[in-house]
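In UniProt numbering, the protein residues as written are 1 to 426.
To start, the structure itself, in structure tokens.
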Amino acid sequence: MNQSTPKLINRKRKRALNHKWQQRLGHFYRTFEKDKSQKQLTTLSSAFNRNRTKMGKRDKKPNRRRHKGEFSNDGEDFYDQHPPAAASVDEDEENSEEEEEENEENDELQPSDLPSKFLLYQQSVQSPKGDISYLQKFFLMYVGGRQPLHFQEDFCGTALLSAEWLKTDTRRTAIGLDFDLEALEWCMDNNISKLGADGYSRMSLFHGNVLAPDEAKLVKSESHELIQNISLDDGDSEDLVDPCAESLEKDGPDSLPKRDIVCAFNFSCCCLHKRSELVLYFKNARKALSKRGGIFVMDLYGGASAEGQLKLQRKFPSFTYTWEQAEFDIVSRKTRISLHYHLQKQNRKIRHAFSYSWRLWSLPEIKDCMEEAGFRSVHFWLREMPDASEMRRTDGFGAGRDIKYEEVKSFPQCDAWNAYIVAVSL
Numbered sequence: 001m002n003q004s005t006p007k008l009i010n011r012k013r014k015r016a017l018n019h020k021w022q023q024r025l026g027h028f029y030r031t032f033e034k035d036k037s038q039k040q041l042t043t044l045s046s047a048f049n050r051n052r053t054k055m056g057k058r059d060k061k062p063n064r065r066r067h068k069g070e071f072s073n074d075g076e077d078f079y080d081q082h083p084p085a086a087a088s089v090d091e092d093e094e095n096s097e098e099e100e101e102e103n104e105e106n107d108e109l110q111p112s113d114l115p116s117k118f119l120l121y122q123q124s125v126q127s128p129k130g131d132i133s134y135l136q137k138f139f140l141m142y143v144g145g146r147q148p149l150h151f152q153e154d155f156c157g158t159a160l161l162s163a164e165w166l167k168t169d170t171r172r173t174a175i176g177l178d179f180d181l182e183a184l185e186w187c188m189d190n191n192i193s194k195l196g197a198d199g200y201s202r203m204s205l206f207h208g209n210v211l212a213p214d215e216a217k218l219v220k221s222e223s224h225e226l227i228q229n230i231s232l233d234d235g236d237s238e239d240l241v242d243p244c245a246e247s248l249e250k251d252g253p254d255s256l257p258k259r260d261i262v263c264a265f266n267f268s269c270c271c272l273h274k275r276s277e278l279v280l281y282f283k284n285a286r287k288a289l290s291k292r293g294g295i296f297v298m299d300l301y302g303g304a305s306a307e308g309q310l311k312l313q314r315k316f317p318s319f320t321y322t323w324e325q326a327e328f329d330i331v332s333r334k335t336r337i338s339l340h341y342h343l344q345k346q347n348r349k350i351r352h353a354f355s356y357s358w359r360l361w362s363l364p365e366i367k368d369c370m371e372e373a374g375f376r377s378v379h380f381w382l383r384e385m386p387d388a389s390e391m392r393r394t395d396g397f398g399a400g401r402d403i404k405y406e407e408v409k410s411f412p413q414c415d416a417w418n419a420y421i422v423a424v425s426l
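As structure tokens, this is what we get:
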């Protein structure tokens with residue numbers, strides 16, 4: 001046996017081990033989600049039953065989770081919370097009775113009885129395929145010269161748009177940034193996990209503030225960590241660990257490829273109440289774009305019906321979704337939005353599943369802030385929506401779904417409109 005023989009044997013052994021690792025990895029992906037969800041359900045059920053015997057109804061507090069756009073007030077200027085105006089005595093009594101009834105209903109619920117509020121939100125609010133179609137159109141129209149590959153979704157919540165973005169091209173990457181860690185973790189377990197093994201390598205989720213993206217922290221999924229910790233018999237597993245994972249956690253979003261498209265949808269920019277915050281956010285979005293050219297796209301709603309109390313319902317096969325807008329303050333242009341769900345099968349109501357304090361910006365205000373942030377041009381794409389009186393009760397996304405957006409220089413006031421606002425950086 002010559003001296004090169006041991007090296008040849010080692011190479012063959014490493015190839016065999018790599019093949020073995022790939023087989024184990026595939027088996028892990030097939031079984032991980034099933035085992036994990038079963039363990040979580042068992043743990044949650046046990047904890048629920050223990051707490052139920054210890055806690056009387058009088059001591060219970062309503063469980064309010066934060067979703068994208070709703071942030072705690074830690075004494076800082078951004079994301080200030082503005083509670084709705086005080087209710088009358090009759091309203092207080094009515095609300096107390098409703099909360100008491102909800103608590104009694106929730107006493108009888110097991111965690112497995114209700115769908116996730118994040119799943120309900122995705123099904124009732126978001127239309128990712130339509131949004132992505134417009135994003136691609138805007139990029140090719142205002143930048144062109146290449147296909148958009150790198151995407152960033154601010155205020156991403158469960159990052160459904162980012163997950164849909166990755167499905168259409170294996171070269172694509174996506175970044176999601178949001179303040180709601182619970183929503184990001186739900187995305188890891190429910191949206192990215194459906195993309196296959198490369199989903200975790202092509203999408204990066206960051207927990208942080210859109211006004212300070214450099215301070216955001218990478219969210220690492222439990223499944224990704226377990227994959228990295230799979231050990232092989234000969235101890236060579238360190239050669240198989242993704243070398244980028246640790247640096248991404250340290251370096252933040254700025255270490256990733258510059259983006260072709262950055263977006264902020266679901267009217268999320270209304271969460272920013274001050275002009276200075278809006279300009280700062282637009283500067284951060286522009287900084288994230290590629291020097292070869294890119295676009296920032298946000299959406300907005302308005303119209304006569306948007307400046308007052310409003311309640312709209314949509315019926316879906318298994319639930320009814322209610323969008324409720326409280327009184328509109330014409331001085332501050334602020335309002336309170338709440339999303340409620342009524343589950344038909346379980347005959348249960350989830351009131352205030354998500355709540356937001358919004359400032360309703362005007363189109364000229366948005367354009368001025370974008371130009372101040374350094375964007376070369378700003379374009380408005382609008383569509384008139386059916387009157388609020390016609391949309392109070394609709395089936396699914398039927399109302400207004402077939403109405404196309406058109407680029408406009410001027411647009412007459414109407415009862416309701418939706419807009420894409422496209423800011424171009426070249």
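Glycine residues also receive a C-beta, built at the ideal position from the N, C-alpha and C atoms.
Nothing here was measured: the structure is a model prediction, and the numbers come from that model.
Once you ignore the five residues that flank I330 on each side, which residues in its own chain have a CB closer than 8 Å to its CB? E307
For the 8 Å Cβ check, are there 3 or more pairs between the segment 338-356 and the segment 371-382? no
According to DSSP, simplified to helix, strand and coil, what is L278? helix
The beta strand (DSSP E) enclosing M385, as first and last residue numbers: Counting along the chain, M385 falls outside any beta strand (DSSP E), and DSSP gives it neither H nor E.
If A419 sits next to W381, beta carbons under 8 Å apart, how far is it from one beta carbon to the other, in whole angstroms? The beta-carbon distance between A419 and W381, rounded to whole angstroms, is 6 Å. This is short enough to meet the 8 Å contact definition.
With a cut-off of 8 Å on the beta carbons, I'd call G199 and L166 a contact; round off their distance for me. Taking C-beta atoms under 8 Å as the contact rule, G199 and L166 qualify, at a distance of about 7 Å.
Which of helix, strand or coil DSSP assigns to S127: coil
Could you give the first and the last residue of the continuous beta strand (DSSP E) run that contains G196? That residue, G196, is in no beta strand (DSSP E); it is neither H nor E in DSSP.
DSSP three-state assignment for A419, whether helix, strand or coil: strand
If distances are taken between C-alpha atoms only, which option among A388, P253 and D260 comes closest to V422? D260
Candidates M298, F319, Y356 and E327: which alpha carbon is nearest K349's? Ranked by how close their Cα comes to the Cα of K349, the residues M298, F319, Y356 and E327 have F319 in first place.
Excluding the five sequence neighbours on either side, which residues of its own chain have a C-beta within less than 6 Å of the C-beta of A304, listed in chain order? D415
If you measure between the beta carbons of L339 and A388, is that distance less than 9 Å? no
Outcome for D154 when other beta-carbon atoms lying within 10 angstroms are tallied against a minimum of 16: buried
Output yes or no for whether 9 Å exceeds the beta carbon distance between F282 and F296. The answer is yes: Cβ separation under 9 Å.
Please state if the CB of P148 and the CB of L140 are separated by a distance shorter than 9 Å. The answer is yes: Cβ separation under 9 Å.
Excluding the five sequence neighbours on either side, which residues of its own chain have a C-beta within less than 7 Å of the C-beta of N190, listed in chain order? none
Is the beta carbon of K258 closer than 9 Å to that of S290? Yes, these two residues count as a Cβ contact at 9 Å.
When burial is assigned at 16 or more other CB atoms within 10 Å of the CB, is S255 buried or exposed? exposed
Need the endpoints of the alpha helix (DSSP H) that S204 sits in, please. S204 -> not in any alpha helix (DSSP H); beta strand (DSSP E) instead, spanning M203 to H207.
Cβ atoms of Y321 and residue 446: under 9 Å apart, would you say? Because the chain in this structure spans residues 1 to 426, residue 446 falls outside the shown range and cannot be described.
Own chain, CB closer than 6 Å to G302, minus 5 neighbours either side, in chain order: W417
Taking 7 Å as the limit between beta carbons, can you name the residues of its chain near Q325, skipping five residues before and five after? Q309, L310, T335 and I337
Based on Cα-Cα distance, which residue from L177, L195 and C187 lies nearest to A216? L177
So, with DSSP's three-state summary, where would you put K315? strand
Backbone CA spacing between L272 and V262 [nearest angstrom]: 17 Å
Buried or exposed: which applies to A197, given that a residue is buried once 16 or more other Cβ atoms fall within 10 Å of its Cβ? exposed
Just reading off the beta strand (DSSP E) that D299 is part of, what are its end residues? Per DSSP, D299 belongs to the beta strand (DSSP E) from G294 to G302.
Could you please give me the residues that DSSP links to D329 through a beta bridge? K334
Leaving aside the five residues before and after L195 along the sequence, list all residues of the same chain whose C-beta is less than 8 Å from its C-beta, in chain order. A163, L166, K167, R202 and M203
Secondary structure at T43, three-state DSSP: helix, strand or coil? Here T43 scores only 48 on pLDDT, less than 50, and its place in the model should not be relied on; the value that follows carries that caveat. Residue state, collapsed to three classes: helix.
Compare the beta carbon distance of R292 and R146 with 9 Å and say whether it is the shorter of the two. yes
Can you name, in chain order, every residue of its own chain whose Cβ lies under 6 Å from the Cβ of I366, other than the five neighbours on each side? I421
Which value, in whole angstroms, describes the spacing of the CA atoms of E407 and C269? 21 Å
Using only CA atoms, which one of T170, L218 and V143 lies nearest to D180? Minimum Cα distance to D180 is reached at L218.
Option nearest T158 by Cα separation, candidates S193, R275 and Q136: The residue with the shortest Cα to Cα distance from T158 is S193.
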